[in-house]
Amino acid sequence: MRPLGAVLWFAVIATLVLFMLGPLAIVVVFSFNSGALVSLPLTGFSLDWYRTLFSSAEFWAAFQNSLAVAVPTALLATVTGTMTALALTRKSAAASVPLLTALSVPIMIPPLVVAIGLVVLYVRWLSVPLGLGAVIGGHLLLTQPLVALVVSARMASFDRVALEAARDLGASPWQAFRHVTLPQIRAALVGAALLAFAISLDEFIITIFTIGSGNTLSTFVWGKMRTSLDPSINAIATLLLVITIGSTAIALRMTRYRG
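Numbering (our numbering), first residue to last: 2 to 260.
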């Protein structure tokens, strides 16, 4: 019975993995297919869809917009999230846990609800025009709490003896942060920034509600899928997959603390 149980367990795990990774593998494989139809058998290996994609002015405009959103979002989320984490470390656990939970509410509720709330806030209350700036504000709601959580987790194992010694020796708060705190949390900061970048790059629902008339890569793909099943969509998805997985893998490696 034990071998049979092990076989069944392996079959269940393999089925789940295939269910999750199968669609991604199909997208990657067909991005290199020379045929215009997503069907088997493959007609041959080709980079034609990547050439078509890279020659598209619309793609480059969407790519630039994606970077114009993801880079500032990552930087702002890292700065504000780190400031939040540092402030929370000065609070007692009874105070810091509820505060961090409250800050994390936007990542706990459905993105559609957040997006609708943002549109109402921007248009009805603040009279802020929709566009890249509005998208960055929406993405900050998702990424800033993540950075705060990552940095707070690192600060939980932070050696405060050196920090207190630096303050006793006359270092200013900025000098103590720069020479004592920052070297110990630098890897967590870089990892959190990369995670924020990857999340911002992939975010669709908040983006489509707040971007107005422009496009990022995610909304560009959505627009192409509404009009036709252009095989270059597979090429875009593959590029996004590589960037996201690469950024996330580096981020997870850097945020893994080895005491």
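Virtual Cβ for every residue (Gly too), placed ideally from N, Cα, C.
In chain order, each beta strand (DSSP E) run of at least 3 residues that lies wholly inside the region 142-210: The region 142-210 contains no whole beta strand (DSSP E) run of 3 or more residues.
Identity of the residue in 19, 107, 13, 98 nearest residue 154 by Cα: Comparing C-alpha distances from residue 154 to each of 19, 107, 13, 98 shows the shortest one belongs to 98.
Nearest-angstrom Cα separation, counted from residue 171 out to residue 202: Near 43 Å, if we compare the C-alpha coordinates of residue 171 and residue 202.
Alpha-carbon spacing of residue 2 relative to residue 140, whole angstroms: A caution first: residue 2 carries a pLDDT of 45, below 50, which makes its placement in the model unreliable, though a value can still be read off. Taking the straight line from one Cα to the other gives about 51 Å.
What is the rounded straight-line gap between the Cα of residue 109 and the Cα of residue 75? Each residue's Cα considered, the two are about 19 Å apart.
Could you name each continuous alpha helix (DSSP H) segment of 4 residues or more that falls completely within the region 54-135, going from the start of the chain to the end? DSSP runs (the alpha helix (DSSP H)) wholly in the region 54-135: 58-90, 94-104, 106-109, 112-120.
For residue 82 and residue 185, which I take to be in contact (beta-carbon distance under 8 Å), what is that distance rounded to the nearest angstrom? Not confirmed; about 16 Å, so no contact.
Rounded C-alpha distance that separates residue 121 from residue 143: For residue 121 and residue 143, the distance between alpha carbons rounds to 18 Å.
Shortest alpha-carbon distance to residue 262 belongs to which of 232, 195, 210, 230? This structure gives no information on residue 262, because the portion of the chain shown stretches from 2 to 260.
Measuring straight from C-alpha to C-alpha, what distance separates residue 259 and residue 49? Unreliable placement is indicated for residue 259, whose pLDDT of 48 sits below 50; the coordinate value is still reported in the next sentence. Between residue 259 and residue 49, the C-alpha separation is close to 45 Å.
So the alpha helix (DSSP H) residue 228 belongs to, where does it begin and stop? Run containing residue 228: 218-228, per the alpha helix (DSSP H) assignment.
Residue 135, buried or exposed, once every other Cβ within 10 Å from all chains shown has been counted against 16: The residue is buried, with at least 16 neighbouring Cβ atoms inside 10 Å.
Length of the line joining the Cα atoms of residue 118 and residue 112: Distance between the alpha carbons of residue 118 and residue 112: 10 Å.
What are the residues that DSSP puts in a beta bridge with residue 11? According to DSSP, which records beta bridges pairwise, residue 11 is partnered with nothing at all.
Would a C-beta distance cut-off of 7 Å place residue 116 and residue 206 closer than the cut-off? Yes, these two residues count as a Cβ contact at 7 Å.
Taking the alpha carbon of residue 68 as the point to measure from, which residue in 199, 7, 47 has its own alpha carbon closest? Of 199, 7, 47, the residue nearest in Cα terms is 199.
Within this structure, are the beta carbons of residue 32 and residue 235 separated by less than 7 Å? Against a cut-off of 7 Å, the Cβ pair of residue 235 and residue 32 comes out as a contact.
Would you decide whether residue 10 is buried or exposed? Buried here means 16 or more other CB atoms lie within 10 Å of its CB. By the beta-carbon neighbour count (other beta carbons within 10 angstroms, threshold 16), residue 10 is exposed.
Within 10 Å of its beta-carbon, does residue 232 have 16 or more other beta-carbons around it, so buried, or fewer, so exposed? By the beta-carbon neighbour count (other beta carbons within 10 angstroms, threshold 16), residue 232 is buried.
C-alpha gap between residue 250 and residue 229, whole angstroms: Here the C-alpha atom of residue 250 lies approximately 33 Å from the C-alpha atom of residue 229.
Skipping 5 residues on each side, what residues in its chain have a beta carbon closer than 6 Å to that of residue 60? Here the set comprises 54.
Assign residue 1 to one of three DSSP states: helix, strand, or coil. The structure shown does not extend to residue 1, since the chain is modelled only from 2 through 260, so no value can be given for it.
Proximity winner among 91, 243, 8, 147, relative to residue 157 (alpha-carbon distances): When each option's Cα is compared against that of residue 157, the closest is 91.
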